[in-house]
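Residue numbers (my numbering): 86 to 367. Built from N, CA and C at the ideal position, the CB exists for glycine as well.
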């Protein structure tokens, strides 16, 4: 193991020191998740909803703590961290609880009186690797649906912004999820990231980050035929036609700079109809 200083980008000072996990730590986390899976995967939908609702209430009570952690680890102004970053976590938890309530894990296939049916079952042990730019947004987007589906997991938050992830682990523990259902290990991509993506007892890996890292994860996962879910950034273009709202240009430019442009949906390109090009530029 080795220590890593977490730097607050707003003042370039050390705000925390974390220990980077090694292969023994990774394997211990995977084994804990594997051990917990048979029991957790057989819990009822209602049992999981009760725990997720507890998690949601605790999250709301720690909202300010989460905002301070995010502001410190990735440099967002505290207002933005509170109203946007932390808010995404709460919104996702609430939305997934509602989705789980309405979701049918078994349903008939085609004809109403058919003996054929579709059953949705938890995949197994999931490795979840999240980025630094929207930390709790990405953590909640991966962890909550995995919990709702009956999967167990190992989360590796970005080593650049790990504090919000560790706070989220505290919230999960306080909510009363069984031991081993959720596991967190700090580490870098070369170390823990590689170990998780190639581990034979990981059934699925979900990664959000760079295309370069996504390629490596896909290659590492191939030998064990695990499921791979990648969201590799990209950023999209605004398309502005001649009859568009005149404020579209202004809004598009403003959105580029939200979160310092570090968002996968930041409209960093603008395609403008030729007839209004000069007007748009000016």
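Chain-order list of residues whose beta-carbon lies under 7 Å from that of residue 192 (same chain, five-residue window excluded) | So the qualifying residues of the chain are 202 and 203.
Per DSSP, residue 348 is paired with what?
-> None, per the DSSP bridge assignment.
Counting only runs of 4+ residues fully inside the segment 103-160, write out the alpha helix (DSSP H) ranges in chain order.
-> Within the segment 103-160, the runs of alpha helix (DSSP H) that reach at least 4 residues and sit entirely inside it are, in chain order, 108-125, 130-146 and 148-159.
Among 244, 167, 295 and 361, the one whose alpha carbon lies nearest that of residue 147 = Comparing Cα positions, the closest option is 167.
Cβ-Cβ distance between residue 215 and residue 227 below 8 Å = Yes, the pair counts as a contact, with Cβ atoms nearer than the cut-off.
Kindly provide the ranges of any alpha helix (DSSP H) runs that are 4 or more residues long and lie completely inside the segment 158-222, ordered along the chain.
-> DSSP runs (the alpha helix (DSSP H)) wholly in the segment 158-222: 171-187.
Backbone CA spacing between residue 256 and residue 139 [nearest angstrom] | For residue 256 and residue 139, the distance between alpha carbons rounds to 9 Å.
Assign residue 269 to one of three DSSP states: helix, strand, or coil.
-> Under the three-state reduction of DSSP output, residue 269 falls in the strand class.
Does DSSP classify residue 304 as helix, strand or coil?
-> Reduced to three states, the DSSP call for residue 304 is helix.
Cβ-Cβ distance between residue 182 and residue 137 below 8 Å = Yes, these two residues count as a Cβ contact at 8 Å.
With DSSP collapsed to three states, give me the class of residue 97.
-> In the three-state scheme derived from DSSP, where H, G and I count as helix and E and B as strand, residue 97 is classed as coil.
In terms of alpha-carbon separation, which member of 239, 326 and 322 lies closest to residue 112?
-> Checked all of 239, 326 and 322; the closest Cα to residue 112 is 239.
Spell out a yes or no on whether the segment 260-268 and the segment 287-300 are touching, meaning 3 or more CB-CB pairs, one atom from each, closer than 8 Å.
-> No contact exists between the segment 260-268 and the segment 287-300.
If we call anything under 8 Å between Cβ atoms a contact, is residue 163 one with residue 220?
-> No, these two residues do not count as a Cβ contact at 8 Å.
Label residue 325 either buried or exposed according to how many other C-beta atoms from any shown protein chain fall within 10 Å of its C-beta, with 16 as the threshold for buried.
-> Residue burial annotation: residue 325 is buried, with at least 16 other C-beta atoms found within 10 angstroms of its C-beta.
Starting from residue 279 and walking both ways along the alpha helix (DSSP H), at which residues does that stretch end?
-> If you look at residue 279, you'll find it in the alpha helix (DSSP H) that goes 279-283.
Beta-carbon spacing of residue 157, residue 93 below 8 Å = Yes, they are a contact pair.
Residue closest to residue 149, alpha-carbon to alpha-carbon, out of 130, 281 and 169 | Ranking 130, 281 and 169 by Cα distance to residue 149 puts 169 first.
To which residues does DSSP link residue 322 through a beta bridge?
-> Checking the DSSP bridge columns, you'll see residue 322 partnered with 354.
8 Å Cβ cutoff met for residue 241 and residue 270 | Against a cut-off of 8 Å, the Cβ pair of residue 270 and residue 241 comes out as a contact.
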